[in-house]
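**Student:** Take a look at the following structure, please.
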């Protein structure tokens, strides 16, 4: 089990044993009697109790709890270190942190200005493209109208040049051949 789960298994076994013997442990009044109880009772566990403890260990998931305790430990350690520093050291540390934060703030402001400039350029480009699109649509509409007008004019010219008998017009080649 130790090879499978690592040092976490030790904590799981300890928690399981303490949890299963909690009522008996709470009956003792001081740490010495609790330690004596653990020394004398736990090594003499029966096979059933050992199997129960091992099955509890495999079912336990304490990784998140251990991480939370680790974070809490580091926070408390940082607070302890901070409280042991004298006022000048604390002031220096705070000034360094303040300076670092100001630099980060300045860098972020520069990045923001660059991003705003890019946004303005892109907006101007979009506006220009939309204007060009409108002009092109208008040109297409004008050209389509001109085409329709020209097609009508061609039809009218064909009708005027046509024979009064209702015969189709001679092709240009036929006119030339006839001359």
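In this note's numbering, the protein residues as written are 8 to 186. Virtual Cβ for every residue (Gly too), placed ideally from N, Cα, C.
Quick check: the Cα distance between residue 74 and residue 22, rounded to an integer number of angstroms?
**Tutor:** Roughly 16 Å between the two C-alpha positions.
**Student:** Which residue comes first and which comes last in the alpha helix (DSSP H) that contains residue 158?
**Tutor:** Residues 94 to 168.
**Student:** Could you have a look at residue 37 and say whether DSSP puts it in helix, strand or coil?
**Tutor:** Here residue 37 sits in coil by DSSP.
**Student:** Taking residue 27 as part of the alpha helix (DSSP H), name the residues at either end of that continuous run.
**Tutor:** Start and end: 15 to 27.
**Student:** Measure the CB-CB distance between residue 19 and residue 57 and report whether it falls below 7 Å.
**Tutor:** No; because the gap between Cβ atoms is not below 7 Å, this pair is not in contact.
**Student:** Using three-state DSSP, classify residue 68 as helix, strand or coil.
**Tutor:** DSSP places residue 68 in coil when its eight states are reduced to three.
**Student:** Only counting the same chain, and skipping five residues up and downstream in sequence, which positions put a Cβ closer than 7 Å to that of residue 133?
**Tutor:** Cβ within range, chain order: n/a, list empty.
**Student:** To the nearest angstrom, how far is it from the Cα of residue 141 to the Cα of residue 148?
**Tutor:** Roughly 11 Å separates the two Cα atoms.
**Student:** Check whether the stretch 43 to 61 and the stretch 78 to 90 are in contact - that is, three or more C-beta pairs closer than 8 Å.
**Tutor:** Too few Cβ pairs lie closer than 8 Å, so no.
**Student:** Using a 10 Å radius around the Cβ and a threshold of 16 neighbouring Cβ atoms, would you call residue 24 buried or exposed?
**Tutor:** It counts as buried.
**Student:** When DSSP labels each residue in this structure, what does residue 49 get in the three-state scheme?
**Tutor:** Helix.
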